[in-house]
Amino acid sequence: MSAGRFITLEGIEGAGKSTVALALRAELEGRGLDVLLTREPGGTPLAESLRELLLRKGGEVLNPAAETLLMFAARAVHLDNAIRPALASGRWVICDRYTDASYAYQGGGRAVSTALIDQLAAAVHADLWPDRTLLLDLPVSTGLERAKSRPGAPDRFESEQRSFFERVRAAYLQRAAREPQRIRIIDGQGSAAAVVAAALAAIADLLPAAAR
Ligand SMILES: Nc1ncnc2c1ncn2[C@@H]1O[C@H](COP(=O)(O)OP(=O)(O)O)[C@@H](O)[C@H]1O
Ligand SMILES: [Mg+2]
Numbered sequence: 002m003s004a005g006r007f008i009t010l011e012g013i014e015g016a017g018k019s020t021v022a023l024a025l026r027a028e029l030e031g032r033g034l035d036v037l038l039t040r041e042p043g044g045t046p047l048a049e050s051l052r053e054l055l056l057r058k059g060g061e062v063l064n065p066a067a068e069t070l071l072m073f074a075a076r077a078v079h080l081d082n083a084i085r086p087a088l089a090s091g092r093w094v095i096c097d098r099y100t101d102a103s104y105a106y107q108g109g110g111r112a113v114s115t116a117l118i119d120q121l122a123a124a125v126h127a128d129l130w131p132d133r134t135l136l137l138d139l140p141v142s143t144g145l146e147r148a149k150s151r152p153g154a155p156d157r158f159e160s161e162q163r164s165f166f167e168r169v170r171a172a173y174l175q176r177a178a179r180e181p182q183r184i185r186i187i188d189g190q191g192s193a194a195a196v197v198a199a200a201l202a203a204i205a206d207l208l209p210a211a212a213r
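If you read the sequence shown in the numbering used here, its first letter stands for residue 2, the second for the next number, and so on.
Take a look at the structure:
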């Protein structure tokens with residue numbers, strides 16, 4: 002059995018993360034790999050309950066620090082109950098958002114200090130960063146247009162101003178510039194097929210030889 006790998010997908014709303022995640026799972030399963038496709042916040046029953054609290058609109062004030070703490074609480078639950086066990090049994094994990102999203106959304110978007118996010122990341126998963134992170138990048142206007150075309154009312158994040166997503170995008174790009182080996186920027190503007198092909202190329206070196 003080859004070792005499982007931990008792949009995360011990042012990007013603003015409508016960047017194509019969920020689309021690419023599904024296609025990557027199909028590609029990897031087609032090559033004989035055992036894949037867990039999961040998402041954040043969420044991924045286990047308890048963490049999905051926290052997701053619901055985080056995405057719900059209206060009601061009480063949820064300040065940026067509290068939002069950040071809830072995100073990391075959900076992440077800790079998700080890691081212990083889904084991600085770590087899957088990796089330990091040799092499965093590949095494809096996760097739709099992870100800690101880079103906390104730096105981008107809570108750090109970039111809501112001005113939570115990087116020091117706080119660093120501390121929480123160290124406390125929750127000092128030992129576990131993704132083997133590869135695919136940052137699907139595209140203009141905010143394109144992403145928001147796509148997100149709007151999806152069914153359902155916009156959630157608490159999707160309802161943010163365009164300027165919020167500009168800060169989120171900038172924070173993602175800044176992180177990618179600092180960690181170019183782990184975080185690969187993928188042009189999210191092409192056709193879905195082109196984006197999936199680029200995503201696959203960006204993880205090809207991680208695949209066992211028989212699955213390349
Ligand atoms: N490369 C693409 N070109 C055009 N439309 C796309 C592309 N990728 C995804 N979409 C569509 O855009 C919308 C948002 O994509 P989605 O994968 O849900 O984004 P995310 O998960 O990043 O918010 C969906 O309706 C999806 O079908
Ligand atoms: Mg999605």
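The beta carbon of each residue, even a glycine, is placed where N, CA and C say it ideally should be.
Beta-carbon contacts of residue i that lie in its chain and below 6 Å, excluding the five residues immediately before and after
i, result
"R147", "G15"
"R157", "L56, K58"
"T20", "A193"
"N82", "T45"
Range covered by the beta strand (DSSP E) that runs through residue i
i, result
"F158", "No beta strand (DSSP E) holds F158; DSSP gives it neither H nor E."
"D188", "184-188"
"V196", "Per DSSP, V196 belongs to no beta strand (DSSP E); it is in the alpha helix (DSSP H), 193-202."
"D119", "Taken as a continuous stretch (DSSP letters only), D119 belongs to no beta strand (DSSP E), being part of the alpha helix (DSSP H) at 115-126."
"L37", "36-40"
"R111", "Premise fails: R111 is in no beta strand (DSSP E) and is neither H nor E."
Residues near residue i in its chain [Cβ-Cβ closer than 8 Å; skip 5 each side]
i, result
"P140", "Q190"
"Q107", "P65, E68, T69, M72, V113, I118"
"K18", "L10, E11, G12, D97, R98, L137"
"T115", "Y104, G108"
Range of the contiguous alpha helix (DSSP H) that encloses residue i
i, result
"T9", "Run containing T9: none in the alpha helix (DSSP H); it sits in the beta strand (DSSP E), 7-11."
"L54", "46-56"
"V141", "141-149"
"L137", "Careful: L137 lies outside any alpha helix (DSSP H), inside the beta strand (DSSP E) at 133-138."
"V94", "Premise fails: V94 lies in the beta strand (DSSP E), 93-97, not in any alpha helix (DSSP H)."
"A66", "65-79"
"L29", "18-31"
"L88", "85-89"
Proximity winner among the options, relative to residue i (alpha-carbon distances)
i, options, result
"A122", "S19, L71, S50", "L71"
"Q175", "Y104, R157, A154", "Y104"
"D97", "E180, A211, I13", "I13"
"T39", "A211, Y173, E11", "E11"
"A200", "A4, G5, S19, L25", "L25"
"R133", "A4, L207, A195", "L207"
"R92", "A194, S192, I184, A4", "A4"
"R163", "G144, A194, A177, S192", "G144"
"P46", "L80, V21, A22", "L80"
"F166", "I186, R111, R85, L63", "R111"
"L37", "V62, L63, R6", "R6"
"P131", "D35, S142, A102", "A102"
"P42", "S150, T100, E180", "T100"
"A22", "G60, L135, R179", "L135"
"A48", "V62, A27, I84", "I84"
Own chain residues within Cβ distance below 7 Å of residue i, not counting five before or after
i, result
"A171", "G109"
"L88", "G5, F7, V94"
Segment contact, 8 Å Cβ cut-off, at least three pairs: the segment 124-132 with the segment 31-50: no
Touch test, the segment 46-54 against the segment 72-85, Cβ-Cβ under 8 Å, three pairs minimum: yes
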